[in-house]
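Numbering (UniProt numbering), first residue to last: 1 to 307.
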């Protein structure tokens, strides 16, 4: 019996996701392609590995047994890859990183330029994802590392198979139309009467800001729901409402808006997430160091906002 690593990854993803459609989406394949490969895996094994119940599937006892071994096999392959990289005399590796707009514009240009000068063998490629999706992509092996966020008002659930290195702690600021808040600072409650421009509650940022507003005793009146901070600030400039923006996000602000400090600070911690089995990868540690240095150059410390 010869088992395909490719098909074992699909079986593992099916076990995690519960449906062929969800497994296919996480692996960036069509559902038809995944179904065909799983059917071939069953033929390779000579036994039924899962049963369908409507749209969901349930692994058989043999399917569960093979999935357990698949985790060990795929983990061993990754550890072997790391060992080979570490055995090389010079660091030469390609890493795929998950990013979002303010990180990509505020930190990466300086970090990657410095990295290229000091360690030209390390190539970092990036893929822009929603911040709440990047950790799952690392866990599933789609990315080698990703930037993740924790808000002081909304900590993120954490996967035990991942580690994180704190890069920077940012403050959130109020972005308001010019002259709308004469004082240089304001509490969230003082912004309650303004219309708001905010990300949806499905996003980590949108949930965190709503939680902070509730803690200050009000429900924000959201007139415009947009996901990107740059878009929200453009709408602020047009006088359509107020929003919150992070330190890194301030680099995207247009002229003609005021940035007002919050009297009760709201913090968010930016970290890099990576798989536990990647903790010895020297190239990854060099990337983390370069990004931390870029954050420090912007005056951002690494004291976590969360315990």
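Ideal placement from N, C-alpha and C gives every residue a C-beta, glycine not left out. It should be emphasised that the depicted structure is a prediction, and the values quoted were computed from it without experimental measurement.
Among the options, the one whose alpha carbon lies nearest that of residue i
i           : options               : result
residue 333 : 241, 168 and 172      : Outside the displayed span of the chain (1 to 307) sits residue 333, for which this structure offers no information.
residue 66  : 80, 47, 52 and 81     : 47
residue 121 : 109, 107, 95 and 234  : 95
residue 118 : 295, 289 and 296      : 289
residue 243 : 287, 265, 194 and 282 : 194
residue 188 : 152, 260, 136 and 203 : 260
residue 9   : 30, 34 and 2          : 34
residue 4   : 249, 303, 111 and 77  : 77
residue 124 : 227, 111, 298 and 20  : 111
residue 61  : 129, 248 and 50       : 50
Cβ neighbours of residue i in the same chain (closer than 8 Å, five flanking residues each side left out)
i           : result
residue 246 : 102, 170, 171, 172, 173, 229 and 268
residue 71  : 12
Coarse secondary structure for residue i, derived from DSSP in three states
i           : result
residue 140 : coil
residue 18  : coil
residue 226 : coil
residue 269 : strand
residue 147 : strand
residue 238 : coil
residue 218 : coil
residue 154 : strand
residue 52  : strand
residue 131 : helix
residue 185 : strand
residue 291 : helix
residue 3   : coil
residue 78  : helix
residue 107 : coil
Per DSSP, cross-strand counterpart(s) of residue i
i           : result
residue 96  : 125
residue 243 : 175
residue 274 : 163
residue 257 : 177
residue 197 : 224
residue 209 : DSSP, once it has assigned bridges, lists no residue as partnering residue 209.
residue 170 : 268
Nearest-angstrom beta carbon gap, residue j and residue i [assumed within contact, 8 Å]
i           : j           : result
residue 138 : residue 292 : Actually they do not touch by this definition, with Cβ atoms about 18 Å apart.
residue 37  : residue 7   : 5 Å
residue 163 : residue 200 : Incorrect: roughly 29 Å between the Cβ atoms, too far for contact.
residue 168 : residue 270 : 5 Å
residue 143 : residue 98  : 5 Å
residue 235 : residue 252 : The pair is not a contact, with the Cβ atoms about 13 Å apart (cut-off 8 Å).
residue 273 : residue 145 : 7 Å
residue 192 : residue 153 : About 16 Å separates the two Cβ atoms, so there is no contact after all.
Cut-off 6 Å between Cβ atoms - residues of its own chain near residue i, not counting five sequence neighbours on either side
i           : result
residue 141 : none
residue 104 : none
residue 156 : 150
Cut-off 7 Å between Cβ atoms - residues of its own chain near residue i, not counting five sequence neighbours on either side
i           : result
residue 178 : 256, 257 and 258
residue 295 : 107, 167 and 168
residue 132 : 203 and 204
residue 217 : 189
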